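Scroll down for the structure; my scribbles are underneath it.
Number of protein chains: 4
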Amino acid sequence: MVGHLSSADLAVIASLGEFEDLARDRMDPAGFDYVAGGSWGEVSLLESVQAWRRYRFRPRVLTGASKVDLQGRFLGRPAALPIAVAPMAFQVLAHPDAELATARAAAAAGVPFTMSTSSSVPLEAVAAAIPDARRWFQLYNVRDLDFTRSLVERAASAGYEALVVTVDLPVLGYRLRDRRSDFRTPRMANLPPAIDRPSERYGGLDRRSEFVLSWADLATLSSWSSLPVVLKGILTAEDALLAADAGAAAIVVSTHGGRQLDRSVATADVLEEIVAAVGGRIEVWADGGLRSGLDIVVALALGATGVLVGRPLYWALAAGGQAGVERALAILREELAVALPLLGASTIDAIERAHLR
Amino acid sequence: MVGHLSSADLAVIASLGEFEDLARDRMDPAGFDYVAGGSWGEVSLLESVQAWRRYRFRPRVLTGASKVDLQGRFLGRPAALPIAVAPMAFQVLAHPDAELATARAAAAAGVPFTMSTSSSVPLEAVAAAIPDARRWFQLYNVRDLDFTRSLVERAASAGYEALVVTVDLPVLGYRLRDRRSDFRTPRMANLPPAIDRPSERYGGLDRRSEFVLSWADLATLSSWSSLPVVLKGILTAEDALLAADAGAAAIVVSTHGGRQLDRSVATADVLEEIVAAVGGRIEVWADGGLRSGLDIVVALALGATGVLVGRPLYWALAAGGQAGVERALAILREELAVALPLLGASTIDAIERAHLR
Amino acid sequence: MVGHLSSADLAVIASLGEFEDLARDRMDPAGFDYVAGGSWGEVSLLESVQAWRRYRFRPRVLTGASKVDLQGRFLGRPAALPIAVAPMAFQVLAHPDAELATARAAAAAGVPFTMSTSSSVPLEAVAAAIPDARRWFQLYNVRDLDFTRSLVERAASAGYEALVVTVDLPVLGYRLRDRRSDFRTPRMANLPPAIDRPSERYGGLDRRSEFVLSWADLATLSSWSSLPVVLKGILTAEDALLAADAGAAAIVVSTHGGRQLDRSVATADVLEEIVAAVGGRIEVWADGGLRSGLDIVVALALGATGVLVGRPLYWALAAGGQAGVERALAILREELAVALPLLGASTIDAIERAHLR
Amino acid sequence: MVGHLSSADLAVIASLGEFEDLARDRMDPAGFDYVAGGSWGEVSLLESVQAWRRYRFRPRVLTGASKVDLQGRFLGRPAALPIAVAPMAFQVLAHPDAELATARAAAAAGVPFTMSTSSSVPLEAVAAAIPDARRWFQLYNVRDLDFTRSLVERAASAGYEALVVTVDLPVLGYRLRDRRSDFRTPRMANLPPAIDRPSERYGGLDRRSEFVLSWADLATLSSWSSLPVVLKGILTAEDALLAADAGAAAIVVSTHGGRQLDRSVATADVLEEIVAAVGGRIEVWADGGLRSGLDIVVALALGATGVLVGRPLYWALAAGGQAGVERALAILREELAVALPLLGASTIDAIERAHLR
């Protein structure tokens, strides 16, 4: 393992794809594989990236667009970019500063940060580190509903502005890499040791957080706080409509990084029909496989309100800590700043379906 | 050649694909090629596997499904899984215990075992080994109808509950590997030496078992016993309807492991239209290229009542004998146990066409 | 270069694809490239082979077909197989016996032989070698119409039963291999030295045989003899209809082995629409990329009356002379003998469009 | 780096693709990458080439076409071929004679030459070098409109017959190769040093030539001279119609060599719909990825009036100076001279949509 990159080293990185190899050199192999891997044959893992790249742009010329406004919007409020940091577990595997570094980078870039239930530092510590920045709390049903309720209440107290409820993990996906490496997950700092007991084989989530909630239970969960609820892990128009009916503020179209049901439809392949189905009733965010500003433009053109970016930021964290994540977000910002005028658009809202073939 | 795997070695195997290399190291090369190979350019051999993987899942969330019931059904009666062991010839090539080991593993897992006419132990011995377990007898027309009738009568006496009549082998496929290795098939234990005379070049089936039956002859064959008849090797809706009209209890959509007419349509590509054509009149089983629980879910979603798994179990037999086959079946069981809740389904019957894009 | 194969060596060859490497070892590199190569980027060369392989078979079962009759028909008369030997130039590049060996092998197998204008032995010598066998004469317009007329009259006198007029060579294709090797074609034995003057760069056909005929000129050419005229090199339904109107007895759908206009539509991709367009008025033969009995079954199912096989026989000639070509034809025969019962067909005529998906 | 090729060396080159490796050996790596590279992941760079190759020809026979007339037409006036030299910047990177060599080769071949604003020699010098040949001036909006107006006036004075206004460069594309090599562009000879100040990082065009023109501004630009205006960089039917409405004499369908918005639709994929949209009101030229005469035939069949060829000529310039570019154009001429009779066409105008499948 080699040291973290300096700011000068980071400055010459020009695309998010470069961070993965840098991270591999700086992480424990089993931890790297835990983050990098998907389930079964990792078809969804690969396809989530490729699916965005299948779209082709229809650039418009002489629209006068050269200075652009990249401001995005999540839950009806502005963000510096149409990007938020996706929830990612156990960031201590990447860097000792863990979620603190990632959260500070997000705050510096003006984009919302999603804190995972399975974090390596307590949710309160992240709140204290970025007191004025937008932050959301990702929720698993951990062990039982009583303890889960306590998590919700802590998140609300600590100023998290929304709950991102993960709905695609009733059981843990069948992950070959972790089974082969016999990977054990680290401590979950949000849980007391009595609940975060040493994980059994293949990581503890399969034991600790089986989420057997149904749509009916969701009402209970919502009643515990006044926080808006975002449902993460929707892949069908049917469930998107159920989410809107259930009062969700937004949904995240996601394959959970290709880590749950392999060979699921890719976000890029269902986003448009889901956006059409909800018809503007709630926000639709896109997650999974976004690796460049161009991918994000595709997602926006297909109707996403905004996007979540995950693994590339994890690799950036491993490569350079907070500065690494800042560099990664700066690259996405510049890519958008170049792509929009080339597309003939001056604002995020000006990106539309007709910009894609 | 190296020894068979211990149970501890087997326990770390996490996917069926791992067994093939283990088998190659433990089998005679010509015997391995006989089992592994297909006909002509082996297009169907490859495509039978790939075709399942082209489908994409539409997972449903918050259905409350986390505990699942994996019970399947064949010929109207339950099985522990929607899986049966496909007929496979000459299992002595894989392991000295041959069909006895495979049958015992099937019985232990609660799944039906199909005994091949071309087995390495007599059908009565397998019956004695798993007296209480479901077992079917696969039938070729061997040499002449009189001898074939004696096989049917023996199978009925020995408690086999159905005849699986192979209909896609009027002649042996054009198999390049066997021609090049000058492969000679081993003894067929169900046949007296006078009938199972030393095979001529390229294996004896082309001499011993040419199946010149027509639909009309099928009535004769059915009259020899009260066993239900399953027709294996149907690939068109037209023939599926003829099978239903002829009184078959079930059909097996199959390309015979890619060993007969190369470049035939893949099971995964015709299953749906065949299911639609028979309209529930008879059971439709899927065979060929199923290598994981996800493949099986696809087959079930396309309307198969159940599936047959062949080669992966052959490799598991070569790798670890009965324990190897048990491990392979346990992997399939676990994959299904994870896949169903991720799909939002609690039972095998709950898997439906809408779960596929 | 190594010696020709013995009959024992030939007997273990099981597929036509094996002959190419054997030929490469036995031919001058520039001569091999001349035969093996196509024009421009050789897209058509590759695609002509691949296009047949894209079709999938729909095998029918229990039709009772196991003994099959492989007899084909060309120009209304029977042949042992639905196969004829395609015209191929300069066979001396492959073997000193040149066209004599290929013609004798064709006669032995009962299939028609097409003699090229650009042959290495005179047309009369081939006629003398296979006096009782079916043979056709392939015609280029060489130098001028007067000399071309003399060729037609010689072919008629020597008992050739048809003229196969090549219509896709108004100029020679742009062939990179020959330009790089500075390949010079050998003597054309059918031409007196005064006409077959030493070829200029890239082979002489571009100088000697520019075919500037139009549909109107075809009537003149037909009037020189009573031989039926077959037009070789048709790729559109429009031209197929013009051919029928012009009195052709048959057309050959062909890309000239991928040697003329690269990126032309493949025979397998246009055969069906051409067959439909001519509506049975004339025979439609398929040429190009047929490498196994399965390819031939596809062509027949798409409506071809019969097929021409070229390069594989050239490689077989280089590998083993007459015995090599006989072995190649025997393989095709056996592949057909296996494929037909597996498809559920007893005769060539029983192969139909419904056998393909 | 090795020396330039002799005429004898050039004579054995048979396809444009051979020039790239020859150029790589003769150019500074960063300069080579600047020319060779595209933006982002270089998807458009690759696809621009591949898209032409997806089309298949439908050759017609016996049309009598063997002698062909290759004369093309641009802006209503004849050219020796339906080919013009695309604008390419900084040709000194390829050869010390820079644009002078390329222009002379174009003049010798009878094809129009497009002079870039970003040239390495002044526009007046090129005009003096090919006083009687057709030449166009490619225009960027450099620094400000006043200076840009001076460029237009100089071009008109120097006998350039048209302005080719680049409309797809409001900002410079996101080019990874140049960012990694920290490439600095050379002097722009058309600009006084005060305006052509040393470029900032990644080449100066992003600073010097941001083109913030809108459709309204185009009228101003047109008013500065009587030169017809050609708009280069149109990829949609909508913009093609706007161009016709704005009085453009022609449009160039182009992805700017894959250097601006990556993953844009390829010229070959939108050409037909753009031609249909403009309905003959203005000329439609095709640019991007044309690497052989066959590609050009595809573009013409899709309705292009003519084509621009760029990079292959740049590589030819690097390989052999003026003689290299002449050889490249001679290859294209010969490829067309062979392709047209093989297609059954005698003239450029005879190439039509029905020649493509």
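Residue numbers (our numbering), protein chains in the order written: chain P, 339 to 695; chain F, 339 to 695; chain V, 339 to 695; chain C, 339 to 695.
For every residue, glycine included, the Cβ atom is placed at its ideal position computed from N, Cα and C.
Computed from a predicted model, the values in this text were never measured in an experiment.
| Query | Result |
| --- | --- |
| Close-in-space but distant-in-sequence residues of the same chain around F:L529 (CB under 7 angstroms, 5 per side omitted) | V480 |
| C:V480 (DSSP reduced to helix, strand or coil) | coil |
| Residues that C:T574 contacts on chain P, provided the C-beta gap is smaller than 7 angstroms | R396 and R398 |
| Ordered list of alpha helix (DSSP H) runs contained in the segment 501 to 527 of chain C, each at least 4 residues | 514 to 519 |
| Short CB-CB distance (under 8 angstroms) between P:T401 and chain C | yes |
| Beta carbon of V:S386 nearer than 8 angstroms to that of V:Q429 | no |
| Between the CA atoms of F:G511 and F:V505 - distance to the nearest angstrom | 13 angstroms |
| Own chain, CB closer than 8 angstroms to V:L579, minus 5 neighbours either side, in chain order | A615 and V616 |
| Under 7 angstroms by beta carbon: chain C residues contacting P:E673 | Y512 |
| C:I533 (DSSP reduced to helix, strand or coil) | coil |
| CB contact below 8 angstroms: C:R696 versus chain P | This structure does not reach residue 696 of chain C, given that chain C is present from 339 up to 695, and the question cannot be answered. |
| Buried or exposed (CB count within 10 angstroms, at least 16 for buried), V:P566 | buried |
| Straight-line Cα distance separating F:G379 from V:L419 | 22 angstroms |
| Close beta carbons around V:Q409, own chain, < 6 angstroms, minus the five adjacent residues each side | P416 |
| Neighbourhood of F:S404 by C-beta, 7 angstroms cutoff - its chain only, sequence neighbours within 5 removed | P679 |
| Min CB distance C:L543 to chain P below 8 angstroms | Residue placement at C:L543 is flagged as unreliable, the pLDDT there being 40, under the threshold of 50; a coordinate-derived value is accordingly withheld. |
| Where the beta strand (DSSP E) through P:R665 begins and ends | Per DSSP, P:R665 belongs to no beta strand (DSSP E); it is in the alpha helix (DSSP H), R649 to L681. |
| Sequence ranges, beta strand (DSSP E) only - wholly within the segment 345 to 409 of chain P, length at least 3 | none |
| CB contact flag (F:T452, F:V503, <8 angstroms) | no |
| Listed by chain order, chain P residues near C:L599 by CB distance under 7 angstroms | F395, P397, A677, L680 and L681 |
| is_contact[F:P469, chain V] using C-beta, thresh 8 angstroms | no |
| V:G369 versus V:E664 - alpha carbon distance | 22 angstroms |
| Beta carbon of C:R517 nearer than 8 angstroms to that of P:A352 | yes |
| Residues bridged to C:P416 [DSSP beta-bridge criterion] | C:R411 |
| Within 8 angstroms, strictly: CB atoms of F:G682 and F:V399 | yes |
| Local conformation of P:R619 per DSSP, three classes | coil |
| heavy atom of the ligand ADP below 7 angstroms from V:A575 C-beta | The model on display carries no ligand, and the ligand ADP is accordingly not part of it. |
| Secondary structure of P:S772, DSSP reduced to three states | There is no way to answer for residue 772 of chain P, as the model of chain P reaches only from 339 to 695. |
| Inter-stretch contact at 8 angstroms, needing at least 3 Cβ pairs: the segment 343 to 360 of chain C / the segment 627 to 640 of chain C | yes |
| P:T685 in three-state terms, based on DSSP | strand |
| C-alpha distance - F:E499 paired with F:F475, whole-angstrom precision | 8 angstroms |
| Close-in-space but distant-in-sequence residues of the same chain around P:M426 (CB under 7 angstroms, 5 per side omitted) | S454, G648 and Y652 |
| Bridge-paired residues (DSSP) for C:G448 | Paired residue(s): none; C:G448 is not in a bridge. |
| V:S495 classed as buried or exposed, judged by whether at least 16 other C-beta atoms fall within 10 angstroms | exposed |
| Distance between F:S592 and F:E611 (C-alpha atoms, nearest Å) | 14 angstroms |
| Inter-residue CB distance, F:A586 and F:I634 (contact presumed, cutoff 8 angstroms) | 23 angstroms between Cβ atoms; not a contact. |
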